[in-house]
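> The numbering of the sequence shown is numbering that gives the first Met the number 0, which starts it at 0 and goes up by one. Where is the CB? At the ideal position from N, CA and C, for every residue including glycine. Just so we're clear, the structure is a prediction, and the values are computed from it rather than from any experiment. Quick one: structure below, then a few questions.
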Amino acid sequence: MNKRIKQLGVLFLCSLLIIVSACGSGSNIEESLKEYYEQREDVKYVETLSDLDKDHVFEYEVSGDMAKALKKKDIKAKDVFTVYVNSQLDERFKVDIYYDKKEKKLLIEPEERQRIESDGKTFDVSNEEDWGIYPEYFLVQNMDLDTGKALKQKEVTSFTIERDIETPEVKLSYQKDGKVKLSWDEVSGAKKYALVKLSITDAGESEAEELATTKKTKYVLGADEVLGSYKVSEDEQYRLEDSYWWENDDVIGYAGVRYAIVAMDDKNISTMGWPKEYDAKEEVCAFATYAQTETNYKKEVASIESIPSTVIVSACDGNTVYQKPKINAKDVYVESAKLHVPYTIDNSALKDEFIVSTYDEKAYEEQLKKQVKKINKDYKALDNKEYTYKSKKTVAANAVKSSTMPDVKDKVFSTSELEEYIAKNMIDGAHIIDFSAYYNSDVDMFYLHDLLQQIINQNPMIMQVKEYDVYFSSKEIYVHYLYDPQTRKQKQQAIRDAVKQVSSEIIKPGMKDEEKVYAINDYICNQAVYDTAAADVIKTTGKLGEAYYDSNTAYGILINKIAVCEGYSTAFQLLCEAAGLECISISGHMNADPDIRHAWNRVNIGGQWYIVDVTTNDGDAATNSVLLLSDAIGEKIYTEDEYFLLDDNLDDYKANDDKYEYYRYHGLYVNENEASSRFISMLGTSNTATLKLPETITPERVEAIANQVFNSINRSIQYHWLNGVLTIIAI
Numbered sequence: 000m001n002k003r004i005k006q007l008g009v010l011f012l013c014s015l016l017i018i019v020s021a022c023g024s025g026s027n028i029e030e031s032l033k034e035y036y037e038q039r040e041d042v043k044y045v046e047t048l049s050d051l052d053k054d055h056v057f058e059y060e061v062s063g064d065m066a067k068a069l070k071k072k073d074i075k076a077k078d079v080f081t082v083y084v085n086s087q088l089d090e091r092f093k094v095d096i097y098y099d100k101k102e103k104k105l106l107i108e109p110e111e112r113q114r115i116e117s118d119g120k121t122f123d124v125s126n127e128e129d130w131g132i133y134p135e136y137f138l139v140q141n142m143d144l145d146t147g148k149a150l151k152q153k154e155v156t157s158f159t160i161e162r163d164i165e166t167p168e169v170k171l172s173y174q175k176d177g178k179v180k181l182s183w184d185e186v187s188g189a190k191k192y193a194l195v196k197l198s199i200t201d202a203g204e205s206e207a208e209e210l211a212t213t214k215k216t217k218y219v220l221g222a223d224e225v226l227g228s229y230k231v232s233e234d235e236q237y238r239l240e241d242s243y244w245w246e247n248d249d250v251i252g253y254a255g256v257r258y259a260i261v262a263m264d265d266k267n268i269s270t271m272g273w274p275k276e277y278d279a280k281e282e283v284c285a286f287a288t289y290a291q292t293e294t295n296y297k298k299e300v301a302s303i304e305s306i307p308s309t310v311i312v313s314a315c316d317g318n319t320v321y322q323k324p325k326i327n328a329k330d331v332y333v334e335s336a337k338l339h340v341p342y343t344i345d346n347s348a349l350k351d352e353f354i355v356s357t358y359d360e361k362a363y364e365e366q367l368k369k370q371v372k373k374i375n376k377d378y379k380a381l382d383n384k385e386y387t388y389k390s391k392k393t394v395a396a397n398a399v400k401s402s403t404m405p406d407v408k409d410k411v412f413s414t415s416e417l418e419e420y421i422a423k424n425m426i427d428g429a430h431i432i433d434f435s436a437y438y439n440s441d442v443d444m445f446y447l448h449d450l451l452q453q454i455i456n457q458n459p460m461i462m463q464v465k466e467y468d469v470y471f472s473s474k475e476i477y478v479h480y481l482y483d484p485q486t487r488k489q490k491q492q493a494i495r496d497a498v499k500q501v502s503s504e505i506i507k508p509g510m511k512d513e514e515k516v517y518a519i520n521d522y523i524c525n526q527a528v529y530d531t532a533a534a535d536v537i538k539t540t541g542k543l544g545e546a547y548y549d550s551n552t553a554y555g556i557l558i559n560k561i562a563v564c565e566g567y568s569t570a571f572q573l574l575c576e577a578a579g580l581e582c583i584s585i586s587g588h589m590n591a592d593p594d595i596r597h598a599w600n601r602v603n604i605g606g607q608w609y610i611v612d613v614t615t616n617d618g619d620a621a622t623n624s625v626l627l628l629s630d631a632i633g634e635k636i637y638t639e640d641e642y643f644l645l646d647d648n649l650d651d652y653k654a655n656d657d658k659y660e661y662y663r664y665h666g667l668y669v670n671e672n673e674a675s676s677r678f679i680s681m682l683g684t685s686n687t688a689t690l691k692l693p694e695t696i697t698p699e700r701v702e703a704i705a706n707q708v709f710n711s712i713n714r715s716i717q718y719h720w721l722n723g724v725l726t727i728i729a730i
């Protein structure tokens, strides 16, 4: 599941920080860094050094070819090490790196005295070279200190500098007047505080610029002080039918600028403090979409006079406010006979435009000036700029709310305690799931939606979800199920009973794993039929009609004996699990029909996750063409989407061999040259023969083989060819 979520567009304001938080104990920091760098192949974590002196000099001994190359200047000292101020290692810090030929040592120290401008004067951190005001630094060794060769995995040592004043703990919030406020607790010994703007130069170096000082413990950002922003976001209030898919291109990111507070006395300065909510990840938590809907906000307007005086923007603290669209008449342009009026929002990188359908070419400039004055007047007159949603959350009258882990009868697919908790509550039928007890700072809106998709796709006993709404501020998930509670429980129990009965009939003691898969596949293909009526409804309307709900679940296959592909895949998954096999459901499309969504499975045999598509296998001819395939073959037939598993888990489910593929396993795989003779032999004792040919065979070669068989047996024939499987029927 990539970072695409089904939502409407929205203006959204958020501060972005891409730095591992330095708060907490040293051991916690060290452990989090270990975990982070273990996920990267290009670097490895060495150690964390805490509270070093502010003028600390790193010394590294060199030898061998490295010493020779440094002496001859074939290798520059500055290329051996790099210092960064973020764990992602993309914001460099200026340092001086010297080579001491006599001692054969590399010396690393700050390039220049660290300073910050305060009240028009230059305030030095100290009278000597000083590591400065960043909370944490990352020293990266790029080369082997003996051979001089580049390291395959660069070695990272993180370190912190001891300062004489504590770091301010800063919070960011939106005021009711629509302005952004930074606030912090008073720091002992501090006489004033500096607002610092952090940015990255074109050379990739981090810079800190002082913007203002104050003796207060709050600062309200000016209109031109820009925070990181998104134009599209999650909305925790409501979900509408007319939503659309958005991708990274739809997002306005502004991660290069952030703000921090530094505490100072007459001689000393603290490290920078910034809003902890935004440490370590790009926090996504704005919710203005449906406020725009409630106010009937329109991007395209009938006239210049119809341009609204406010748009609604949300901040990461959850407050939603009216903001003024700032219009510059110089930016206005005409396109496709319509007047485009771009605007910006204070404190954000947001840019959008109004499109005026009807305008006077001669008078529009003057009309626009009048409308801008009206906008400014209206906004100034708006006493309370905080927006309150008019609508309310709605759930069924008999809604069940849960904040505990229920005991369920079914196997649960989960990769974390949070996932297990949500999955079990969905199986149990909770309408409101309070996940606050399982929440941690790694869970943001992107991750949670990704996780919910995995939960719904990999736990068939949830029995389908119509829709869900995430209320991130209250840590609640509102779930709307396909069936009413009583019907749902009855169908769940019927499925459990059927799975138990079928498993006892078809799974025999001593069966190998692949034999279990063949037996389950055969049972479903022999007992069930494809629901073409339900499929037609889906193709026509894009939705599953209520009359066909069962066909999208395991109930359709196991009880009604009729279903569409998702019914096949969920029934197969449940029967595999009952037989002691690991199995997951896959979603995507068949390459031959990319406009139609499809569902199939992967099953684990010996650590390989082979592809099975029971729907395709249940054909009148060329049966079992997708039964334990490898990825090499499967990718020619299917394209998986990203919604059935967490992004990080997608690559864990692959198969690289075909030793259990149905036709190869049963000796029914032939090359092109022997195909004709094999078919002729089989049709001597039966009217039907099925073999698998190389997947690379062309339609022309298949037709040639069929003609050779026809000419040899002297009988009329029909043939069916699918995914390399050829069935010839003698008539």
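1) When the distance is taken between beta carbons, is PHE137 closer than 7 Å to ILE107?
2) Where GLU102 and ALA76 are concerned, what is the direct C-alpha to C-alpha distance, given to the nearest angstrom?
3) Measure the beta-carbon distance from SER473 to ALA429 and round it to whole angstroms, keeping in mind my assumption that it falls under 8 Å.
4) Based on DSSP bridge pairs, tell me the residues matched to GLY272.
5) Using 8 Å as the cut-off, can you tell me whether the stretch 607 to 614 makes contact with the stretch 650 to 663, which would need three or more C-beta pairs spanning the two stretches below that distance?
6) Which ranges would you report for the beta strand (DSSP E) in the stretch 484 to 568 if only whole runs of at least 3 residues count?
7) Over what stretch of residues does the beta strand (DSSP E) that includes LEU69 continue unbroken?
8) The beta strand (DSSP E) spanning ILE199 covers which residue range?
9) Examine the ligand FAD and report whether any of its heavy atoms sits within less than 6 Å of the Cβ of LEU574.
10) Enumerate in chain order the residues of its own chain whose CB-to-CB distance from SER502 is below 7 Å, with the five nearest sequence positions on each side excluded.
11) If THR216 sits next to ASP265, beta carbons under 8 Å apart, how far is it from one beta carbon to the other, in whole angstroms?
12) Taking only runs that begin and end inside the stretch 368 to 453, name each unbroken alpha helix (DSSP H) of 4 or more residues, in chain order.
13) Using 10 angstroms around the beta-carbon of TYR659, count the other beta-carbons present and answer buried if the total reaches 16, otherwise exposed.
14) Between the Cα of LEU626 and the Cα atoms of SER711, CYS524 and TYR642, which residue gives the shortest distance?
15) Using 8 Å for Cβ pairs, my map puts THR357 next to ALA301. What's the rounded Cβ distance?
16) What is the DSSP secondary structure of TRP245, reduced to helix, strand or coil?
17) Mapping the DSSP letters down to three states, classify THR695 as helix, strand or coil.
18) Taking only three categories from DSSP, how would you classify LEU731?
19) Whole angstroms is fine: what's the gap from GLU545's alpha carbon to LYS465's?
20) Exposed or buried, which one is TYR438 when buried takes at least 16 other CB atoms within 10 Å?
21) Grab me the residues of ARG700's own chain with a C-beta within less than 7 Å of its C-beta, minus the 5 sequence neighbours each way, in chain order.
22) Can you give me the C-alpha to C-alpha distance between MET462 and LEU451, rounded to a whole angstrom?
23) Leaving out five residues on either side along the sequence, give the residues of the same chain with a beta carbon under 7 Å from the beta carbon of ASP41.
24) Would you kindly report the start and end of the unbroken beta strand (DSSP E) that includes TYR136?
25) Pull the bridge partners of TYR98 from the DSSP assignment, please.
26) When the Cα of LYS180 is compared with those of VAL169, LEU543, THR200 and VAL186, which residue comes out closest?
27) Looking at ILE727: is its Cβ nearer than 7 Å to the Cβ of ALA703?
28) PHE92 lies in the beta strand (DSSP E); which residues open and close that run?
29) Mind checking ALA631: buried by the 16 CB within 10 Å criterion, or exposed?
30) Can you tell me where the beta strand (DSSP E) with LYS180 in it begins and where it stops?
31) Could you tell me the distance, in whole angstroms, from the CA atom of GLY147 to the CA atom of GLU206?
32) Once DSSP output is grouped into helix, strand and coil, what is the label at LEU649?
33) Quick check: the Cα distance between LYS72 and MET65, rounded to an integer number of angstroms?
34) Using CA atoms only, rank isn't needed, just tell me which of SER624, GLU204 and GLU58 is closest to TYR661.
35) With a CB to CB cut of under 6 Å and the five nearest residues on each side skipped, what residues in its chain are close to SER550?
36) What did DSSP end up calling SER157 once you bin it into helix, strand or coil?
Concretely, from the data shown:
1) The residue labelled residue 107 in the question sits at position 108 within the sequence shown. The residue labelled residue 137 in the question sits at position 138 within the sequence shown. Not closer than 7 Å, so no.
2) For the purposes of this step, residue 102 is taken as residue 103 along the sequence shown, with counting starting at 1. For the purposes of this step, residue 76 is taken as residue 77 along the sequence shown, with counting starting at 1. So the alpha carbons of these two residues sit roughly 14 Å apart.
3) The count along the sequence shown starts at 1 and reaches residue 473 at position 474. The count along the sequence shown starts at 1 and reaches residue 429 at position 430. Their Cβ separation, rounded to whole angstroms, is 15 Å, which puts SER473 and ALA429 out of contact at 8 Å.
4) Here residue 272 corresponds to residue number 273 of the sequence shown, with the count starting at 1. According to DSSP, which records beta bridges pairwise, GLY272 is partnered with ILE260.
5) yes
6) none
7) Position 70 of the sequence shown, counted from the start, is the residue given in the question as residue 69. Counting along the chain, LEU69 falls outside any beta strand (DSSP E), though it belongs to the alpha helix (DSSP H) covering 63 to 71.
8) Taking the sequence shown and counting its residues from 1, the one referred to as residue 199 is at position 200. Where ILE199 is concerned, the enclosing beta strand (DSSP E) stretches over 191 to 199.
9) Of the ligands one can find in the structure shown there are none, so the ligand FAD has no counterpart to examine.
10) Indexing the sequence shown from 1 puts residue 502 at position 503. Once the five neighbours on either side are set aside, the close Cβ partners of SER502 are LEU574, ALA577 and ALA578.
11) Taking the sequence shown and counting its residues from 1, one reaches residue 216 at position 217. Taking the sequence shown and counting its residues from 1, one reaches residue 265 at position 266. Not confirmed; about 19 Å, so no contact.
12) 416 to 427
13) Translated into the one-based positions of the sequence shown, residue 659 becomes position 660. Per the 10 Å Cβ criterion, buried.
14) Counting from 1 along the sequence shown, the entry for residue 626 is found at position 627. If we check each option's Cα against that of LEU626, CYS524 comes out closest.
15) Here residue 357 is taken as the residue at index 358 of the sequence shown, counted from 1. Here residue 301 is taken as the residue at index 302 of the sequence shown, counted from 1. About 6 Å separates the two Cβ atoms, so the contact holds.
16) Here the question's residue 245 lines up with position 246 in the sequence shown. Only weak support is given to the placement of TRP245: the predicted model assigns it a pLDDT of 34, under 50, and the question is left unresolved by the model.
17) As a first step, residue 695 is located in the sequence shown; it is residue number 696 there, counting from the start. Of the three classes helix, strand and coil, the one that applies to THR695 here is coil, per DSSP.
18) It is not possible to answer for residue 731, since the shown part of the chain is limited to 0 through 730.
19) As a working note, residue 545 is residue 546 in the sequence shown. As a working note, residue 465 is residue 466 in the sequence shown. For GLU545 and LYS465, the distance between alpha carbons rounds to 11 Å.
20) Within the sequence shown, the letter at position 439 stands for residue 438. When all chains shown are included, TYR438 counts as exposed.
21) As a first step, residue 700 must be located in the sequence shown, where it is residue number 701. The residues are GLU671.
22) To locate residue 462, count along the sequence shown from 1; it is residue 463. To locate residue 451, count along the sequence shown from 1; it is residue 452. Approximately 14 Å between the Cα atoms of the pair.
23) Position 42 of the sequence shown, counted from the first residue, corresponds to residue 41. Within the same chain, ASP41 has close Cβ partners GLN152 and LYS153.
24) Counted from its first residue, the sequence shown places residue 136 at position 137. Element bounds for TYR136: 136 to 142.
25) In the sequence shown, counting from the first residue as 1, residue 98 sits at position 99. DSSP, once it has assigned bridges, lists LEU105 as partnering TYR98.
26) Along the sequence shown, read from residue 1 onward, the residue named residue 180 stands at position 181. Nearest C-alpha to LYS180: VAL169.
27) For this step, residue 727 is matched to residue 728 along the sequence shown. For this step, residue 703 is matched to residue 704 along the sequence shown. Cβ atoms of ILE727 and ALA703: not closer than 7 Å.
28) By 1-based counting over the sequence shown, the position of residue 92 is 93. Counting along the chain, PHE92 falls outside any beta strand (DSSP E), and DSSP gives it neither H nor E.
29) On the sequence shown, residue 631 is found 632 positions in, with the first residue counted as 1. Burial call: exposed.
30) In the sequence shown, the residue the question calls residue 180 occupies position 181. Residues 179 to 183.
31) As a working note, residue 147 is residue 148 in the sequence shown. As a working note, residue 206 is residue 207 in the sequence shown. Between GLY147 and GLU206, the C-alpha separation is close to 31 Å.
32) Reading the sequence shown from its first residue, position 650 is the one you call residue 649. Helix at LEU649.
33) Counted from its first residue, the sequence shown places residue 72 at position 73. Counted from its first residue, the sequence shown places residue 65 at position 66. Cα to Cα, the separation comes out at about 10 Å.
34) In the sequence shown, residue 661 corresponds to position 662, counting from 1. For the residues SER624, GLU204 and GLU58, the minimum Cα distance to TYR661 belongs to SER624.
35) Translated into positions along the sequence shown, residue 550 becomes position 551. Closer than 6 Å at Cβ, skipping near neighbours: ASP530, ALA533, ALA562, VAL563 and GLY566.
36) The residue you call residue 157 lines up with position 158 of the sequence shown. Correct three-state label for SER157: strand.
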